[in-house]
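Note sheet for the following structure.
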Amino acid sequence: MHMPVAGPHTHTLFTVSRTMLTVVAALTPATLFGLWEFGWPAIFLFLTTVVSAWVFEVACLKIADKPIRPFATDGSAILSGWLVAMTLPPYAPWWVGVIGSFIAIVIAKHLFGGLGQNLFNPAMVARAMLVVALPVQMTTWIAPVGLLEGPSFLHGLSITFLGSQEFDAVSSASTLSHIKSQISAGATMGEILPTLADLESRLLGFVPGSLGETSTVLLALGGLLLLVTRIITPTIPLAVLGTLVTLSAICSFLAPDRFAPPILHLTSGSTMLCAFFIATDYVTSPVTTAGKWVYGIGIGTLVFVIPLRRLPRGRGLCGALDELGHAPDRNLHPAADLRTVPHRQAACAAKPAKGAQK
Amino acid sequence: MQDFLLVLLSTALVNNVVLVKFLGLCPFMGVSRKTDAAIGMGLATTFVITVASAACWLVEALILEPLDLKFLRILSMILVIAAIVQFIETVMRKVTPDLHKALGIYLPLITTNCAVLGLPLMYIQGHLSLAMSTLSGFGASVGFTLVLVIFAGMRERLAQLSVPAAFAGTPIAFVSAGLLGLAFMGFAGLVHV
């Protein structure tokens, strides 16, 4: 950026725009797959959301009298809009995407002072607020039929922009929500498992779900790219996934009739997106390693516990899946960071040079 | 044992006194600038609410109901609460003068914290038993402390941000409180009581 900083000056590869570009690159395979399997309406919704996020960003920068060029071209707004779009139901009308972008960019980001200042992950604030405010639009799912077999270009336009309802919605989005509704209807796990989509289609993503959250494998590959390029450290994904696997393994071992085995949790829609892309957000995750563990374990626990009890209630909120669960944990993280403050202070006392990091 | 945990979870997280019932907003905004003060305030309020839940139940069952004086309920409970707060203030001034200073006016104001009066009243109207109403009071005030400390952590970060002038200070704190409430909606349905 064009801000005067005091020396010493060091050069680093880790600029804002390089980081944002790498994350976008890591998201691209899963996104392209989602756009392909859900067809034209998904493509229109995705473009609307990303473009409106960028427009809101420029408008906010203008109102705040900030330099437009460096901030608007660093890719952060595109990434926020992109993440919002990935969590939307693919046939949602255009205004859902625009409202989502507005919440993410204006409320969750610029009200708090812009890039790097937000207390909450903008995309997840948008997701949570949309689920609460628009339960119908946010839980309308469709089967993945592919670009060619799905609605035509014009039909897609009318679904996204004219609110056409001429498509076949399916009742439940994820494997997990299907299981919960079956269990509350009295079925046991042994009876439900054969009725689910097979492991292969769940891994690859041939299941109903949010626009960019269906493919476990492609999202995990993206996460791997982030690890290899050292955009993220493995601590948080390990803590989140480890906790989720441990808890679900214990529960399904103790009560195999009532709890889903770990593999179902791992292959359920948004788990990978959460562990690698959302939970590792620089701005809203803790700095210290101990803090990262506390934070990751907390997220893993909430991801496990919240859909467990909530989905069987059959409320409008049911489709909220895991994301809403991530939000409380982000709020807890200032506290998580605080609990590890003694470590940081001890480190600072031992090596005064390191204290300058914070 | 399971009931015990369910009541605690339900009152602390699902039906959080601040974010779901909107009681006790005054100290939530007033004493959440510093985490230390928030912890102290939380502990003091926890003590007052727990004792008040039990004391108010006793007053209702032993005095007001037999004498058919239910119309004096609010008045007598304010009296009971004021006495408990006076007690904790005296103890605090003696034991932790620093915390007493940090809490300042908010300590005697626990008396007028609507959560302290509201929760025991709700428990009486809900016809809970003595043990249940004490436990619920404890759970609710643990939830109050939790939210207060989380919010204080958030506000300590907020103080370091370059928030736009129009939103600096209390406005952005209200926005954050709203988002925190949104997050706590994730707990809805976790426990059905």
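Sequence order for the protein chains is E and G. Take 1 as the starting number for the first sequence in this note's numbering and just add one per residue. Take 1001 as the starting number for the second sequence in this note's numbering and just add one per residue. Ideal placement from N, C-alpha and C gives every residue a C-beta, glycine not left out. All of these numbers come straight from a predicted model, not from anything done at the bench.
When 9 Å is used as the limit between beta carbons, G/M1029 is near no residue of chain E, the shortest such separation being about 16 Å. At a cut-off of 8 Å between C-beta atoms, G/M1041 does not count as an interface residue with respect to chain E. Where G/K1101 is concerned, the enclosing alpha helix (DSSP H) starts and stops at P1097 to L1103. According to the DSSP assignment, G/P1120 belongs to the alpha helix (DSSP H) that extends over C1114 to Q1125. Using a C-beta cut-off of 8 Å, the region 1055-1065 of chain G makes contact with the region 1125-1140 of chain G, since at least three inter-stretch Cβ pairs fall below that distance. Excluding five sequence positions before and after G/P1027, the CB atoms of its chain that fall closer than 8 Å to its own CB belong to M1041, T1045, Y1106, L1109, I1110, N1113 and L1148, given in chain order.
Counted as a single uninterrupted DSSP element, the stretch harbouring E/C274 is not any alpha helix (DSSP H), since DSSP gives it neither H nor E. In this structure E/P122 is buried. Its beta-carbon is surrounded by 16 or more other beta-carbon atoms within 10 angstroms.
Contact with chain G is found for E/G113, since one of that chain's Cβ atoms lies less than 8 Å from the residue's Cβ. For a cut-off of 8 Å, the C-beta gap from E/A30 to E/S215 is around 5 Å, short enough to register as a contact. Listed along chain G are L1179, L1182, A1183, M1185 and G1186, each with a C-beta nearer than 9 Å to that of E/A128.
For the C-beta of E/Q117, the chain G residues within less than 8 Å are, from N- to C-terminus, L1161, S1162 and V1163. Chain E places no beta carbon closer than 8 Å to that of G/F1144, leaving this residue out of the contacts. Under the 8 Å Cβ criterion, the region 1065-1082 of chain G does not count as touching the region 1152-1161 of chain G, having fewer than three qualifying pairs.
Going by beta carbons, G/R1155 and G/R1033 fall inside the 8 Å limit. Using a Cβ distance threshold of 8 Å, E/G116 and E/S101 do not count as a contacting pair. Contact between G/A1188 and G/V1014 holds: their C-beta atoms lie close to 6 Å from each other, under 8 Å.
Taking E/I105 as the centre and dropping the five residues before and after it, the same chain places the C-beta of A53, F56, E57, C60, A77, S80 and P122 closer than 7 Å to its C-beta, in chain order.
CA-to-CA, the gap between E/V207 and E/T229 works out to about 30 Å. As computed with DSSP, G/I1081 is found in no beta bridge at all. In the structure shown, the three-state DSSP call for E/I232 is coil.
In chain E, no part has a C-beta under 7 Å from the C-beta of G/S1053; the shortest such distance is about 26 Å.
DSSP places E/F120 outside any alpha helix (DSSP H), giving it a letter other than H or E. The beta carbon of E/W293 sits closer than 7 Å to the beta carbons of T235 and A239 from its chain, once the five residues preceding and following it are set aside; these are given in chain order.
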